[in-house]
Every structure is written in C-alpha cells, then in structure tokens.
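Colleague:
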Amino acid sequence: MRVKYVLSEVLVGLWRNVTMTIAMIITMAVSLTMLGASGLLFIQVDNMKTRYYQDVQVAIFLSKEVTDAQRTSLDAALKSDPLVSKVIYESKDDAYKNFKEMWRDAPDLVNAIKPDTLPESYRVKLKNPEEYQQIKDKYKNTEGIDEIVDQRQLLEKIFNILGAVQRMALIAASVMAIAALLLVANTIQVAAYSKRREVAVMKLVGASNWFIQAPFVLEAVVAGLIGSILGFGALALGKIFLLDGSLRDLTDLLTPISWSSVLLMFPFMAGVGALVSAITAWVTLRFYLRV
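If you use full-length UniProt numbering, the sequence shown corresponds to residues 1 to 291, in order.
1) Give the single residue among Ala95, Leu41 and Leu275 whose Cα lies nearest to the Cα of Val262.
2) If we ignore side chains and look at the alpha-carbon of each, how far apart do Ser174 and Val18 end up?
3) Return helix, strand or coil for Ser261, following the three-state DSSP convention.
4) Which whole-angstrom value is the C-beta distance of Val87 and Tyr132, which I expect to be below 8 Å?
5) So Lys79 is in the alpha helix (DSSP H); what residue range does that whole segment cover?
6) At the level of alpha carbons, what is the spacing between Arg56 and Asn186?
7) May I ask which residues mark the beginning and end of the alpha helix (DSSP H) holding Phe99?
8) Measuring alpha carbon to alpha carbon, tell me which residue in Ala220, Asn47, Ile25 and Met28 is nearest Pro256.
9) When you measure from the CB of Glu147 to every non-hydrogen atom of the ligand GDP, does any distance come out below 6 Å?
10) Would you give the residue range spanned by the alpha helix (DSSP H) that Ile135 belongs to?
11) So what does DSSP say about Ile60, is it helix, strand or coil?
12) Among Leu118, Ala169, Phe159 and Leu162, which residue has its Cα nearest to the Cα of Asp146?
13) Looking at the structure shown, is Ile113 part of a helix, part of a strand, or coil, going by DSSP?
14) So, at 6 Å on beta carbons, what are the nonlocal neighbours of Glu120 in its own chain, with the 5 sequence-adjacent residues on each side left out?
15) Can the beta-carbon of Gly36 be found less than 7 Å from the beta-carbon of Gly231?
16) Between the Cα of Asp116 and those of Leu74, Glu156, Lys125 and Phe99, spot the shortest distance and give me the residue it belongs to.
17) Please check the pair Thr33 and Ala274, which I expect to be a contact at CB under 8 Å, by giving their CB distance rounded to whole angstroms.
18) So, does the region 264-272 touch the region 61-77, judging by three or more C-beta pairs under 8 Å?
19) In the structure shown, what three-state DSSP assignment does Lys127 receive?
20) Just to confirm, are Ile226 and Ile25 a CB contact at a threshold of 7 Å?
21) At the level of alpha carbons, what is the spacing between Leu285 and Met28?
22) Do Thr280 and Leu181 have their C-beta atoms closer together than 7 Å?
23) Starting from the Cα of Leu126, find the closest Cα among Lys79, Trp103, Lys140 and Thr142 and give me that residue.
24) Along the chain, where does the beta strand (DSSP E) containing Ile240 start, and where does it finish?
25) Please list, in chain order, all residues of the same chain as Lys49 whose beta carbon is under 7 Å from its beta carbon, the five residues on each side excluded.
26) Could you check the C-alpha separation between Asp244 and Ile60 for me, to the nearest Å?
27) Evaluate Phe216 with the Cβ neighbour count: other Cβ atoms within 10 Å of its Cβ, from every protein chain shown; 16 or more gives buried, anything less gives exposed.
28) Using the C-alpha atoms, what's the distance from Lys157 back to Thr72?
29) Given a cut-off of 7 Å, decide if Ala220 and Val184 are closer than it, judged by their beta-carbon atoms.
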C-alpha cells in the first residue's frame, strides 16, 4: 500500500510541475550527454595513444657527407642495441618514393623536390618508446648522423591538444551539471511548497521522514533517469551519424569507438543522473522542510 501511494505521488508530482519537470529533464539530458561524450573522448584518446605509441619510431637522419663505413658502423650498432626492437634503412630513393606517395595530391610540391634533396635515414622502433632520450644521448655525437627525431614528441603535441579538448568538455559538463542541480533543487522546493499542507498533516499523524521525503526524492530520480536515457540516445545518434557516418573516412587517424564503449556510458550516465538527483533532492528537503 505504501509503495503504491509513493509511486502515485511521484507521477502526480511530475505532472503537477510539468514545465519545470521538462526543463529539469532537458538540462539533465544535456549535462549527461556532455558527461558521456567526455567519457568517450577519454577512452578515444587513450586508445589513440596505445595505437600510435606502439608504432612510434625514432628517425635518425644521416648527413649528406656520410661515408659507407660510417653507415655500416651505425647499422651494426643499431641492430645490436638492446634498446632497439626493429631497424629499417630508408635510402634517398625510398624516401623520395614515400614522399611522392604522401603528397600525391600536391603535384607542384612533388615536382619541386628532387630525390637527392631528401636525406637517407634509419627508422628505429624501440622496445620501450619512453627510452628515446637514452637513444638520442647515445647516438647524437656519432659521425654521419645529422639529426635524431622522436615521433613521440610530435604526437605529444597532438595529444596535448586533445587533452585540452577533454578538459573543456569536462568543464562544460560540470557547468551544465550545476545548472541541472539548481533546477532539481528548485523543482523539489516548488513541489514541497505546493504540498505543504499534506506534509504538515502527515507529520501530525506520525509519518516517518522517509515516507514524507520518498515521493520528492523519487521525482528527482525519475527525472534523472529519463534525462540519462535521452542523453544516451544522443550519444547513440552521434555514434551512428557522426563517427560511423561523416567521420568514417578518418579511421586512419581516429581509432574507432566501439558500441561496447558507448553502451558502457549508459549505466554510468544513469547512475550519475539518479544518484546526483537523489542526493540533491534529499539535501534540499532536509534544509527546506526540516522533516
């Protein structure tokens, strides 16, 4: 009987303040969508780091005056180095072929570059990409070497930008969450005020605090759950029409986001929406009703 009464009061409360309820649900949905998107962005960046760092190489460019003896000595040293996993030699002709393939859509640039312009190099894959500085210190003064470049340093700049995007998304989600919390608190206050006589009567007949507060708290929880469902729907649509649609051609650069990662966001969003709404409603009632 009590459960039936509480549930009926939840439905009545949601309908009584329908405009504020809709505003609360929409705000919650937007904030949870941004929270879920920032979570997917964190997963995306971590996957990209894992993918690219596995293939990261150290490029050792040889000088134009390098001799055969210096090249042979360097080749032997790299192949026997315990820090090195794989060594690939790239001649000037190979470098020019790769350059033409990379810039095939810019024929003017390709025509402006001659095969002798590009240096020969070694592409070195390390067993541990974090040990780049050891390789650089070890070979930087070796005769025949012009420059040592770590691809990981170039990738770090990109990931720093993505990290900034992560933080901006999280900040935006936090701002929207604060707005949602204020709306929840305001909605609960209005609902409690509209039922102040009923609450007073219930207190006089000895109703427990839990029994009085339960309908209000559940109103906020229901609104949070509906908002999380709408937010998850927005994420799913973004996955279908954006990631699997217009951005599909960027799969060589962006690691794909699996449906399992998207589905993982739903219980996270639902849990956050329901828990935060419940806590906000309970705290509001404690300070407002003093029951």
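Even for Gly, the Cβ is constructed at its ideal location relative to N, Cα and C.
Modeller: Straight from the coordinates:
1) Per the Cα distances, Leu41.
2) Here the alpha carbons of Val18 and Ser174 stand approximately 25 Å from one another.
3) Helix.
4) Contact doesn't hold; Cβ gap of about 15 Å is too wide.
5) Boundaries of the alpha helix (DSSP H) around Lys79: Asp68 to Ser80.
6) A quick correction: the sequence has Val, not Arg, at residue 56. Per the coordinates, the alpha-carbon of Val56 lies some 53 Å from the alpha-carbon of Asn186.
7) Note, Phe99: alpha helix (DSSP H), Lys92 to Met102.
8) The residue among Ala220, Asn47, Ile25 and Met28 with its C-alpha nearest the C-alpha of Pro256 is Asn47.
9) For the structure depicted, the ligand GDP is absent and the ligand set is empty, with no information on it obtainable.
10) Segment Tyr132 to Tyr139, the alpha helix (DSSP H) holding Ile135.
11) Of the three classes helix, strand and coil, the one that applies to Ile60 here is strand, per DSSP.
12) The residue from Leu118, Ala169, Phe159 and Leu162 with its alpha-carbon nearest to that of Asp146 is Leu118.
13) Under the three-state reduction of DSSP output, Ile113 falls in the coil class, being neither helix nor strand.
14) Taken in chain order, the residues that qualify are Leu62, Ser91 and Lys92.
15) If you check the CB distance, Gly36 and Gly231 come in under 7 Å.
16) Asp116 has its Cα closest to that of Phe99, out of Leu74, Glu156, Lys125 and Phe99.
17) Wrong, their Cβ atoms sit about 16 Å apart, outside the cutoff.
18) Not touching, per the Cβ criterion.
19) It is coil, neither helix nor strand.
20) Yes, they are a contact pair.
21) One C-alpha to the other measures close to 20 Å.
22) Cβ distance < 7 Å, so Thr280 and Leu181 count as in contact.
23) When each option's Cα is compared against that of Leu126, the closest is Lys79.
24) Where Ile240 is concerned, there is no enclosing beta strand (DSSP E), given that its DSSP letter is neither H nor E.
25) Same-chain partners within the cutoff: Phe159.
26) Inter-residue distance for Asp244 and Ile60 is about 38 Å (C-alpha atoms, whole angstroms).
27) Answer is buried; the Cβ neighbour count reaches 16.
28) If you draw a straight line from the Cα of Thr72 to the Cα of Lys157, it is about 34 Å long.
29) Yes, these two residues count as a Cβ contact at 7 Å.
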